[in-house]
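Heads up, the thing below is written out as structure tokens.
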Amino acid sequence: MNDANNTLLAVTGLKKHFPIVKGLFGKTVGYVYAVDGVSFSVKAGETLGLVGESGCGKTTVGRCLIRLYEPTDGRILFQGGDMTRLKRTELIHLRTQMQMIFQDPYSSLNPRMRVKEIIGESLRVHHLVPPEERESRIRDLLDSVGLQADQMARYPHEFSGGQRQRIGIARALAMAPKMIVADEPVSALDVSIQAQVINLLDSLKTQFDLSYIVIAHDLSVVEHVSDRIAVMYLGKLVEEASDRELYLNPKHPYTIALLEAVPKAEPGGRQRRLERQLLK
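Numbering (my numbering), first residue to last: 1 to 280.
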């Protein structure tokens, strides 16, 4: 199969500009160029790491991909369908194939719903599983993310942060998607739990034949799960390379700065390479 036929997602010239409104009558006086002409693609079974500092536009890209935000311009082709030109009613099927894991495991779960209701809601709304089989499906999903079936009757506040994120992952898997957009999936978790969740996502990729877009501000988070890494700066992609190439031979000064910001066991001399590059 050639690369064109193997492409699951193709993004071309994606833009999202937020208006700046002032005055009593809400006059638009300017725009925030959150995403300004971003292009990339993701193959079936591939993980793309999208990294950059807070405010660079990476989360906005993720939200535009699943149309939580309406793009200002550009095209998003997913499984051959142009998501930017489909009506909301026509997006229903494609949205079942692309799900999102949110950054905050506390606010992303409804505190008034039990776990079985949170995970089972999409199964019920989209009629994916007959009613008599839903509980069995929920049990299987909980087992896949490392939770016990007897926990399905609990509320979100009865779980730790890492367990809540596992519930969010199970909810995303319930739709049997082809792609998952993971928006800072471990940044709100304790350091001791982050590796567990990253390893879980990596194992689920093979088990469920998934493609990922993993959004993060820390290059060390995506180092072990990404096939390719794209670096964002001020709403634009400044560098894209395979994981090995990017870590061994970064080209852009901003990429080098991100790499130098990763904590090291022996920090002595860590600024030398950055200083040499910036002085060129």
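The beta-carbon is built from N, C-alpha and C at its ideal position, and this holds for glycine as well. Since this is a predicted model, take the numbers as computed values, not measurements.
query	result
Exposed or buried, what is phenylalanine 102 when buried is set at 16 or more other beta-carbons lying within 10 Å of its beta-carbon?	buried
Smallest Cα separation from alanine 182: which of Met152, Val221 and His17?	Val221
Among Ile20, Val61 and Gly49, which one has its Cα closest to the Cα of arginine 244?	Gly49
Excluding five sequence neighbours on each side, which residues of the same chain lie with their C-beta closer than 7 Å to the C-beta of threonine 7?	Ser41 and Lys43
DSSP puts phenylalanine 40 in a beta bridge; with which residues?	Val11
Could you have a look at alanine 170 and say whether DSSP puts it in helix, strand or coil?	helix
Nearest to leucine 68 by alpha carbon, out of Asp36, Lys22, Ala257 and Met98?	Met98
Based on Cα-Cα distance, which residue from Val32, Lys251 and Gly120 lies nearest to serine 136?	Gly120
So what does DSSP say about leucine 24, is it helix, strand or coil?	coil
Valine 262 by DSSP, collapsed to three states: which one?	coil
Provide the residue(s) that pair with serine 211 in DSSP beta bridges, ordered along the chain.	Met179
State the start and end residues of the unbroken beta strand (DSSP E) segment that holds glutamate 239.	236-242
From the DSSP output, in three-state form, read off lysine 17 for me.	Here the sequence assigns histidine to residue 17, which means lysine is not the residue at that position. Three-state DSSP puts histidine 17 in a strand.
Return the CA-CA distance between serine 211 and threonine 47, expressed in angstroms with no decimal places.	6 Å
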